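A.B. asks:
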Amino acid sequence: MKRSSRLIDLTIYFNNHPNVRTSLTYFSERFKAAKSSISEDLAILKKYYEQENIGQLITISGVTGGVVFIPRDSKQMIEKNLDQLIAEIHAKDRLLPGGYLYISDIIGSPHHVRTIGSALASAFQDEQIDVIMTIATKGIPIAYSIASFINVPVICVRQSLEITEGSMVTIHYESGSKNTLYSMGLSRQALKKGQRVLVIDDLLKVGGTIRGMVQMVQEFEATLAGIGVFIESSGHPRIQEDYVSLLKYNEKVREGKKPILSYGNIGKYVKN
3 MKRSSRLIDL TIYFNNHPNV RTSLTYFSER FKAAKSSISE DLAILKKYYE
53 QENIGQLITI SGVTGGVVFI PRDSKQMIEK NLDQLIAEIH AKDRLLPGGY
103 LYISDIIGSP HHVRTIGSAL ASAFQDEQID VIMTIATKGI PIAYSIASFI
153 NVPVICVRQS LEITEGSMVT IHYESGSKNT LYSMGLSRQA LKKGQRVLVI
203 DDLLKVGGTI RGMVQMVQEF EATLAGIGVF IESSGHPRIQ EDYVSLLKYN
253 EKVREGKKPI LSYGNIGKYV KN
């Protein structure tokens with residue numbers, strides 16, 4: 003293969019295999035090319051990824067070494083994408099009774115959910131995530147989007163029991179905003195002791211649902227590696243702190259007015 007063809011193939015391969023260590027021998031046999039040529043190809047890609055703020059291409063030396071692609075958005079790219087999201091969300095009346103914000107069409111858009119997932123994944127790429135946990139239903143597309151960039155499985159906590167899940171661990175948690183007691187369950191086979199878990203939700207008001215998932219992580223004797231949310235709503239006392247948010251929603255707006263959105267705290271967790 004010519005170098006131009008190899009570069010295209012390498013780009014596709016890394017996009018489909020993020021955070022996977024691949025040996026130079028594999029690429030040498032795949033392209034029927036010398037390792038020195040492959041190293042030159044990788045140097046070209048590494049420079050391109052860094053210039054375009056796409057991510058990092060890390061070469062690991064030694065017998066068990068290889069090369070790993072880590073997708074990572076820069077702070078500038080994330081802010082640019084968030085500006086587009088804010089503009090689209092502001093484009094129509096999305097205020098719902100109870101101070102909620104209609105975002106189902108945003109989460110249902112493959113383009114937007116990929117943008118959301120890429121940004122949140124960038125904040126947690128260095129946390130050695132083993133599994134992503136979310137709760138049905140709106141958090142599921144975001145969790146899977148993040149998983150596609152970190153390359154880890156997703157587990158879904160449910161508020162209703164499913165016979166297909168087998169034996170389940172069930173806990174009770176307080177909603178926070180409604181002072182109501184709910185229950186959530188997770189299959190006993192879904193999570194292993196000691197695994198590092200990233201908890202994801204679409205909306206954070208008080209944090210009752212997230213606190214429930216954190217309790218579920220503890221019930222399995224796993225480790226909480228981080229918490230990420232798409233939108234946090236201001237003006238509420240938090241029962242769960244230490245989270246990463248993409249957007250902040252000012253709930254104190256009069257009916258009929260456009261919702262007021264701003265950046266969340268993700269800027270503190272990503273590189274420039």
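So in the working numbering, the last one in the sequence shown is 274, and the numbering has no gaps at all.
We put the beta carbon where it would ideally sit given N, CA and C, even for glycine.
Owing to the predicted nature of the structure, the values given are computational and were not obtained by experimental measurement.
For Asn21, which residues in the same chain have their Cβ closer than 7 Å to its Cβ, ignoring the five residues on either side in sequence?
C.D. replies: Closer than 7 Å at the Cβ level, and outside the excluded window around Asn21, lie Val70, Ile72, Ile152 and Asn153.
A.B. asks: In the DSSP assignment, the beta strand (DSSP E) including Leu206 goes from what residue to what residue?
C.D. replies: Segment Arg198 to Leu206, the beta strand (DSSP E) holding Leu206.
A.B. asks: Just to check my reading of the structure: Lys273 and Leu263 have Cβ atoms closer than 8 Å, yes? What is that Cβ distance to the nearest angstrom?
C.D. replies: About 24 Å; that fails the 8 Å criterion.
A.B. asks: Candidates Ile268, Ile233 and Ser25: which alpha carbon is nearest Tyr104's?
C.D. replies: For Tyr104, the nearest C-alpha among the options comes from Ile233.
A.B. asks: Given that a residue counts as buried once 16 or more other Cβ atoms are within 10 Å of its Cβ, and exposed if not, what is His114?
C.D. replies: Flag for His114 reads buried.
A.B. asks: Tell me the rounded alpha-carbon separation between Gly214 and Met186.
C.D. replies: Computed Cα separation, rounded: 8 Å.
A.B. asks: With respect to the alpha helix (DSSP H) encompassing Leu193, which residues constitute its N-terminal and C-terminal limits?
C.D. replies: Careful: Leu193 lies outside any alpha helix (DSSP H) and carries neither H nor E.
A.B. asks: Thinking just about the alpha-carbon of each residue, which of Ser150, Lys207, Thr225 and Phe29 is nearest to the one in Gly100?
C.D. replies: Checking every option, the nearest Cα to that of Gly100 belongs to Lys207.
A.B. asks: So who's on the other strand from Ile262, going by DSSP bridges?
C.D. replies: Paired residues: Asn252.
A.B. asks: So, Phe33 versus Arg5, is the Cβ gap smaller than 7 Å?
C.D. replies: No, the Cβ-Cβ distance between Phe33 and Arg5 is not below 7 Å.
A.B. asks: Buried or exposed for Ala145, please, with buried defined as at least 16 other CB atoms from any protein chain shown within 10 angstroms of its CB.
C.D. replies: When all chains shown are included, Ala145 counts as buried.
A.B. asks: Measure the alpha-carbon distance for Ser150 versus Tyr15 and round it to whole angstroms.
C.D. replies: Roughly 13 Å separates the two Cα atoms.
A.B. asks: Is the stretch 196–210 touching the stretch 224–241, taking contact as three or more C-beta pairs under 8 Å?
C.D. replies: Judged by Cβ distances under 8 Å, the stretch 196–210 makes contact with the stretch 224–241, as three or more pairs qualify.
A.B. asks: If I measure Cβ to Cβ from Gln130 and keep anything under 6 Å in the same chain, skipping five residues before and after, which residues do I get?
C.D. replies: Here the set comprises Arg198.
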